[in-house]
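One structure below.
Number of protein chains: 2
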Amino acid sequence: MPRTKGDHEARRRDVSEAVWRVLAAHGFGGLTMRAVAAELGATTGLLTHYFRTKRDLVAYALDLLERRTAARPRRTAGPGVSAVRAALLDILPLTDEATDSNRVWVSSWDTALADPELGADHARKYARSRDKLRDLIAEAQRLGELSPGDPARIAAGAQAFVLGLVVQALLDAPAFPPHRQVELLDDHLAALVPTPGG
Amino acid sequence: MPRTKGDHEARRRDVSEAVWRVLAAHGFGGLTMRAVAAELGATTGLLTHYFRTKRDLVAYALDLLERRTAARPRRTAGPGVSAVRAALLDILPLTDEATDSNRVWVSSWDTALADPELGADHARKYARSRDKLRDLIAEAQRLGELSPGDPARIAAGAQAFVLGLVVQALLDAPAFPPHRQVELLDDHLAALVPTPGG
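If you read the sequences in order, they're chains A and B. Counting in the working numbering, the first sequence tops out at residue 183, every number present. Counting in the working numbering, the second sequence tops out at residue 183, every number present.
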């Protein structure tokens, strides 16, 4: 029976799923042609139709991570400090899906630090994410909901805080259950809010 | 000429140095018997006298990371908020040596997340580090230099902030030079200090 375009698309989705499951379980350190083939129940020979080299597989995995992150559902929130809070909550590993995704992001840092090209690409991604946060913070300041101060600097601080909280929560889930993560985030935000009469 | 105990110790130090240089350049993802042997200018055969398996090599590298971290020079500071600030500054990649060490720590997270035993060990290490920070914070509160509040919670927030700042600074060194890192840390600490008349 001849293969149809539908078969091809379905197989591509299966390959993506298999790559994702390997990443979520073993990180980039465990991402090999053999592991993806095993997850897919296929031969490594078949995999070479999709990825000629290990580097192709890593590049595909990083792209998949970015697409999955871009496509994830996001909280909606009004403008001001609620929008800043929603954007930061969207990053935290508060659900199983967000935990998998963050586990892959943390793993990608090692990969990025080992490769100048990937490192530069990661630096650009995080800079874009800080810029978005800066704009939300500037808007909250205009509304009088956040204290004045350089919004880029406040964004860099908030991004650092949230990335570090991701690391802690992944390494020690029992000590950082979702409600604890939210509590710590709210502490960070509370410090940015004008004190009454201050 | 017979090998002396001194030769053996010197060779062990050479092996440690070679493992460290491979880790600092390539992370745990690039830590192989072959890479260490090449760095040492030796055969992989020689390496198997030191590490029987790849897992032995990884365990050795994690132990080396911990010993190097414990042995690094630390800032001295009086009690109170100065001691909290010094402990947090000690973590940041403000020197080449601290940058190498942090690069290896970030890489170790992927390794730890892929292995439940190593993961539990990492969780204990970070919990101990939070406990030390909590005690310094409690002392600063007793001196009236930090606002009241659960010191364990403030310590968890400060640790998250510093770990995330490490990640940012490693991925984008030009955007996070040492003076910028210190500025952001001081913003975080300023939010914990009682406001005059507050």
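No residue lacks a Cβ here, since even glycine has one placed at the ideal position from N, Cα and C.
Answer yes or no: does any C-beta atom of chain A fall closer than 9 Å to that of B:R165?
yes
Skipping 5 residues on each side, what residues in its chain have a beta carbon closer than 6 Å to that of A:T84?
P78
Alpha carbon to alpha carbon, what distance is there between A:R6 and A:L247?
What the structure shows of chain A is the stretch from -14 to 183, and residue 247 of chain A is not part of that stretch, so it cannot be assessed.
If you follow the alpha helix (DSSP H) that A:F146 is in, where does it begin and where does it stop?
P136 to L156
Check each candidate in B:H34, B:G14 and B:A46 and name the one with the smallest Cα separation from B:A3.
B:A46
How about A:G183: is its C-beta nearer than 9 Å to some C-beta of chain B?
Residue confidence is low: A:G183 scores 48 on pLDDT, short of 50, so the model does not pin down where it sits. Its coordinate-derived value is still stated next. Answer yes: the Cβ-Cβ gap between A:G183 and chain B drops below 9 Å somewhere.
When DSSP labels each residue in this structure, what does A:S93 get in the three-state scheme?
helix
Is there at least one Cβ from chain A nearer than 9 Å to B:S92's Cβ?
yes
Taking only beta-carbon atoms, is B:L155 less than 9 Å away from chain A?
yes
Relative to the C-alpha of A:P255, which residue among A:A160, A:R127 and A:P163 is closest?
Within the shown structure, residues of chain A are numbered from -14 to 183, placing residue 255 of chain A beyond reach of any answer.
Can a CB atom of chain B be found closer than 9 Å to the CB of A:E168?
yes
Is the beta carbon of A:D95 closer than 9 Å to that of B:G12?
yes
B:A112: contacting residues in chain A (beta-carbon distance under 9 Å)
D157 and A160
Just to confirm the assignment, what range does the alpha helix (DSSP H) spanning B:L177 have?
Looking at the DSSP string, B:L177 is not in any alpha helix (DSSP H), and its letter there is neither H nor E.
DSSP state of A:I76, grouped into three classes?
coil
C-alpha gap between A:A176 and B:Q166, whole angstroms:
19 Å
Limits of the unbroken alpha helix (DSSP H) element including B:G30:
T29 to L32
My understanding is that A:V89 touches A:L50, with C-beta atoms under 8 Å, so please give their C-beta distance in whole angstroms.
5 Å
Outcome for B:G142 when other beta-carbon atoms lying within 10 angstroms are tallied against a minimum of 16:
buried
Anyone know if the C-beta pair for A:A68 and A:E24 falls short of 9 Å?
no
For chain B, check one thing: does any of its Cβ atoms lie closer than 9 Å to the Cβ of A:H34?
no
If you draw a straight line from the C-alpha of B:R19 to the C-alpha of B:S1, how long is it?
15 Å
Shortest alpha-carbon distance to B:D75 belongs to which of B:R59, B:S86, B:N87 and B:E82?
B:R59
Residue from B:R70, B:H34, B:I139 and B:L42 whose Cα sits closest to the Cα of B:T61
B:R70
Contact set between B:V147 and chain A, taken where Cβ atoms lie within less than 9 Å
A145 and G149
Taking the alpha-carbon positions, what's the B:G63 to B:D120 distance?
14 Å
Tell me the rounded alpha-carbon separation between B:A72 and B:Q153.
19 Å
If we cut at 9 Å on Cβ distances, does B:T96 have a partner in chain A?
yes
List the residues of chain B whose Cβ lies closer than 9 Å to the Cβ of A:R138, in chain order.
R165, E168, L169 and D172
Which residues in chain C sit within 8 Å of B:R88, going by Cβ to Cβ distance?
The chain inventory of the structure shown lacks chain C, comprising the protein chains A and B.
Which class does B:P163 belong to by DSSP, given the choice of helix, strand or coil?
helix
Rounded to whole angstroms, what is the Cα-Cα separation between A:P133 and A:I139?
10 Å
Between the Cα of A:F36 and the Cα atoms of A:L170, A:L16 and A:E168, which residue gives the shortest distance?
A:L16
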